Every structure is written in structure tokens, then in C-alpha cells.
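One structure is given below, encoded as C-alpha cells.
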Amino acid sequence: MMLEVRELCAFYGENQALYGLDFALDEGNIVTLLGANGAGKTTTLRALCGMVRLSGEVRFDRKSLLGRATEDIVRLGIAHVPEGRGTFVRMTVEENLQLGAMVRNDRVGISRDIEQVYAHFPRLKERRAQTAGTLSGGEQQMLAVGRALMLRPRLMLLDEPSFGLAPLIVEELFEILRRLNRELGVAMLIVEQNAALALDLADHAYLLETGHIVMAGPASEIGKDEAVRRSYLGY
Amino acid sequence: MELLLQQVLAGLATGAIYASMALAVVMIYQAIDHLNFAQGEMAMFSTFLAWQMLQWGWPYWAAFIGSVALSFVGGIAIERVLFKPIQNAPILSQLAAFIALYGILNSSAGWIWDFNIKTFPTPFGSAPLFGERLIGTHQAGMIGVTLLMLCLLYLFFRGSRLGLAMRAAATNPESARLVGIRVGWMIALGWGMSAAVGAVAGMLIAPVVFLEPNMMLGVLLYGFAGAVLGGLSSPGGAVAGGFAVGVIENLAGTFIPYVGRELKLTIALVVIVAVLMVKPSGVFGRTVVSRV
């Protein structure tokens, strides 16, 4: 197992947001966390990156992540694409990509990877000298994914990648994610409101409700379960 | 006409110092969102360090570089020891820490080196430049050294990876952490560089205002005025603001009757208030818009 999570609890001040989550992610797999607003999906991703107070056990390649600073967790090869994208809006597209590779020191490899990102997202190449704040929502999301790739991550945490994007752009983006997973073997943990889309992409799915995992299984089975569909996925 | 040109050039020379102080203030402000009230005292202390090295018989430029290096290390130490532990404290506690730092530096300088006014040498001499009476060599040196320093800083922040990382850490710390930047150390580095910039400003202005523990009070106020005028969110704007304040100060002192030398400091405060009323984010500043 690449990522193993046991009894994960998370807290915002006095308030507990997660109650003992257990889940796991295999090398090269895609796992999705589904659930309504406030179920704790974003908190789960933030907890993995050490951005909220937590208890329990989180292991990445058997190394415990508990008590590690966010920047050290990132250095292990975990790239987090936060909700709202978290690009550096006042810096250019190219600078954003450079920043994504900040923990690496191979100059040649970095510029090769920047070209690689431009190959995946040709639109970013056209806008390489523009500041990120001037990009459209879809372009910013692509930049966020591209920047995460610059880390050469083994695991990507994607928080609502479809948020605020037009349906066509969403399809394009998910197609690219699928390709990245297949070609580069990047494992992904995806939080999504758009359940149909996420289940289509993922190998495994977990259903979250008010900080508890209420259902888990292969994505194809979860998608077929009539009761689940009606009560949680809304289609 | 010659008087005007002379006053503008003299204004640019002191403006160079205000610009440096404004830049030092903005560098820390960008990283931690607080004005460093002790910036002037840090610069004063650095100048005393240089003076001490000169007393020990070091050549001028050795003392200059020694003081800049020590200030850099000292700035980092101040951040690590005093401000990192209280980074999440309420704003008033942080304010108290700045005032404490001000008091500590001011009185310990007085205790170590006493409060008597001392002369501080200039490496540029004081003869008129090019035999004309427009500008003295020391004033020209102030402008030259400042411009050189500003260019180096610009190249560092625009062209180097470390500079890029520092900018990222200052503008968006959470995202910076997510790309693996050690934000805490970037902030400490910002303090170090800011202290070094202040040290240069202090050593350049000391031959003009003379060396004593309160020498930087007025200079820092002008620096604040410059930073507010240009915009606290814009390092380039703060530098331009510093130069502008220097020129305004000189011209007002010379050409507006009754202002004279005595009311020059008032001008700086009037500039701060006027800018805040008309354009609160400064001439080159960005208004922060947040989506809710």
C-alpha cells in the first residue's frame, strides 16, 4: 500500500471534523472521496498534508506523516491541488511551473518537464508570460495540475478539480488526468462533487457523511448501487 | 534654476536613503503584514557596528561589508528568536514586540556606545562633484550605492529561484508550502535582507545626520512616508515613493515660505495622511480584492 490511513480524526479548534477514517490507496491507483458539502472531503486532503490538527495514523510508503510539516510532506512526492486552485495569481504561468519544481535541483529535468506540461496543456504555452490571475478558470485549473506535475509526484491530491468549470473543459481535464495516471503512473486521490465523473475515472470510491466513511468499494460497484445513487449521488 | 536643480539632486540623495528604508520596511511588511517600527533602530545599530569596526582600525569598505553581513545574520536571528514564536499572536502583542525591539536596540546602543553625537566618515569625500556646485561627492555616492543595491535586489528577486521562492512565500504562504517551500525560513531570510538594506542606508546617512542612537527616527518616518506614498504592497513603488519624498521635502523646505528646516518632518506626515485619504493603497499599490 502506498497510502494507508487508519483512525484518522481531524479538528478545527474544538470542533471535530473527521471521526476515525480508514482508507488506503495502492501504487498507481485512483481513489475518489464522495459526499455532500461539509462531509469532510476537503478536510481529509488537508489532513494528509498536515494542514489541520489530526490524530490517528497516516503512512505514505510506510513512513508516518503525522507531525510532519506541510512542506516536508510535499517533499516526499505528494502534490496537493487545493480547492480554489491555489495558483500564484500575481506570477506568470512559467513562474508558477518553476515554483512547482522548487524542491528539485535538476535544471535540465525541470525545463524538460515544463515543456512536457506545455505538451499536455498547449493553452498554457500560449499564455506562459501572462500572470496566472488573468487566466480563465479552466486554464487556472490546468495550471494548478501542471504545477503539481512539476513536483514529479507519486501521489496527487485533487480537491474538486471540476469546480466552476464548463462541462466541456471538465471532460477535457478528466481525460488528461486519466492519461497522466496511465502514462506516468501517478496515483490520485480525488475529491469531487461531480460523482458520476469521479466514479468513471476512479478505481475505488469512499462515501463520506459528516466525517464518517459510510460506504467503500470498487468505483464501478458504488456507481451501480441504487440506494447509494439515490441518497448520495443524486442521479 | 540652478537652485532648483541643486535642491532636486540633494532631495534625490536623501531620497535614496528614504527609498532604502521604505524598501526595508516593505520587504518585512510583505512577508508578515506588519510595519517594522524598529527598522530605523536596526539600521542605527548596524551603523554603530560599522563605527566600532572603524575604531578598531578596519578600512572603510571592510567595516561596511562587515556591518552588512552582521546585520543580515542579526535580522535572521531577530526573526527566529523574537517574531517566529509569536507569529500567530494577536496583532497588539506583535506590536508590543516591535516596540520592545525598538527600545532594546535604542537603549543598548546608548549603553554600549553612549549617547554623545559622533561623526561617521564617508568614503566619497565631500568635495563638489566635477568641480560644480550642484551636488557633493557624498551625495552622489549615496545615490550610486543605493541604485546599485536596488539593481542587485531586483535581479535577485526577478531572476533567481530563491528570489522567486521568497516572493511566493510572501504573497501566498499556503500555496508556497504546498510546493515544498520552507516559508518560515523565507520570512527569516526577508528579515535578514531587510536588515542588510537598512544597514547600508544607515551607513550612508550617518555622515549627514551624525551618529547617535536617535539618528534614524526622522529618517524612518520619511521611509514610512515613502512606503505609504508608493504603496506598501509594491517594492518598486516604495522605492519611487522614497525618492519622491526626499525631493518633496527638500523643495518644500527651500521654496515654501515659513516651512524652512523646522517643519520639514511635518511634510512627511502630511504626505502620509494625504495619500491615505486619496489613495489608501498608495500610488503603485494594489488594492486587495478577495472573493467571498
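From first to last, the protein sequence lines stand for chains A and B.
For what it's worth, the working numbering labels the leading residue of the first sequence as 1, then goes sequentially.
For what it's worth, the working numbering labels the leading residue of the second sequence as 236, then goes sequentially.
All C-beta atoms in this analysis are idealised placements derived from N, C-alpha and C, irrespective of residue type, glycine included.
This one's a predicted model, so the numbers in the text were calculated from it and none came from an experiment.
Any C-beta of chain B under 9 Å from that of A:GLY40: no
*How would you write the range of the beta strand (DSSP E) that A:ASP159 sits in, first residue to last?*
Start and end: 155–159.
Assign A:GLU7 to buried or exposed, taking buried as 16 or more other Cβ atoms, counted over all protein chains shown, within 10 Å of its Cβ.
By the beta-carbon neighbour count (other beta carbons within 10 angstroms, threshold 16), A:GLU7 is exposed.
message: Rounding to the nearest angstrom, what Cα-Cα distance links B:LYS319 and A:ALA196 in this structure?
response: 46 Å
A:PHE163 at chain B interface by Cβ criterion, 9 Å:
no
How many angstroms separate the CA atom of B:LEU317 from the CA atom of A:GLY223? So the two alpha carbons sit approximately 55 Å from each other.
Would you please state the rounded distance, in angstroms, between the beta carbons of A:VAL58 and A:LEU65? I believe it to be under 8 Å.
4 Å
Q: Have a look at A:THR43 and B:GLY394 and give me their C-alpha separation to the nearest angstrom.
A: Straight across, the Cα-Cα distance linking A:THR43 with B:GLY394 is about 36 Å.
Does B:SER516 come within less than 9 Å of chain A when only Cβ atoms are used? no
Worksheet item: Between B:VAL527 and chain A, is there a C-beta pair that is closer than 9 Å?
Response: Residue placement at B:VAL527 is flagged as unreliable, the pLDDT there being 47, under the threshold of 50; a coordinate-derived value is accordingly withheld.
Checklist entry - Any idea what DSSP makes of B:VAL527, helix, strand or coil? => result Interpretation of B:VAL527 is limited by its pLDDT of 47, a score under 50 that renders its predicted location unreliable; no figure is taken from the coordinates.
The alpha helix (DSSP H) that contains B:ALA434, what's its start and end? Annotation for B:ALA434: the continuous alpha helix (DSSP H) segment containing it runs 418–444.
Checklist entry - Name the chain A residues whose beta carbon is nearer than 7 Å to that of B:ILE416? => result GLU71 and MET102
Outcome for B:TYR253 when other beta-carbon atoms lying within 10 angstroms are tallied against a minimum of 16
buried
Check your understanding: From B:THR249 to B:LEU270, what distance separates their C-alpha atoms?
Key -> 21 Å
### Task
Assuming A:LEU208 contacts A:LYS41 (C-beta within less than 8 Å), just tell me the rounded distance between them.
Contact flag correct, Cβ pair sits at about 6 Å.
| Of all the residues that make up the segment 386–410 of chain B, which are near chain A by a beta-carbon distance shorter than 9 Å? | ARG396, LEU399, ALA400, ARG402, ALA403, THR406, ASN407, GLU409 and SER410
Q: Scan the segment 297–319 of chain B for residues whose Cβ lies nearer than 7 Å to a Cβ of chain A and list them as they occur along the chain.
A: none
Q. CB-CB under 6 Å to B:PHE359, same chain, minus the five flanking residues each way: which ones, in chain order?
A. THR372, HIS373 and GLY376
Task: Short CB-CB distance (under 9 Å) between B:LEU413 and chain A - done: B:LEU413 counts as touching chain A.
Exercise. Report the three-state DSSP secondary structure of A:VAL191 (helix, strand or coil).
Key: Judged by DSSP in its simplified three-state form, A:VAL191 adopts strand.
query: In chain order, what residues of the same chain have a beta carbon less than 6 Å from the beta carbon of A:GLY133, not counting five sequence neighbours either side?
result: VAL89
Under 9 Å between C-beta atoms, does A:MET91 make it to chain B?
-> yes
Which residues of chain B have a Cβ atom closer than 8 Å to the Cβ of A:VAL74, listed in chain order?
Per Cβ cutoff of 8 Å: ARG412, LEU413, VAL414 and GLY415.
* Does DSSP classify A:SER55 as helix, strand or coil? -> strand
Just to make sure I have the definition right: I need the residues of chain B whose C-beta is within less than 7 Å of the C-beta of A:LEU124. Which are they?
Residues of chain B passing the Cβ test: none, with the nearest at roughly 17 Å.
Since A:GLU95 meets chain B, which of its residues come closer than 7 Å, beta carbon to beta carbon? LEU399
Practice task
Specify the secondary structure class of A:SER162 as computed by DSSP and reduced to three states.
Solution key: coil
Which chain B residues sit within Cβ distance under 8 Å of A:LEU207? Neighbours of A:LEU207 on chain B: none; closest Cβ ~26 Å, over 8 Å.
**Asked** Since A:GLN98 meets chain B, which of its residues come closer than 8 Å, beta carbon to beta carbon?
**Response** ARG396 and LEU399
### Task
Give a yes or no on whether the minimum CB-CB distance between A:PHE88 and chain B is below 9 Å.
With 9 Å as the cut-off, A:PHE88 counts as an interface residue toward chain B.
Which residues bound the alpha helix (DSSP H) around B:VAL303? 295–313
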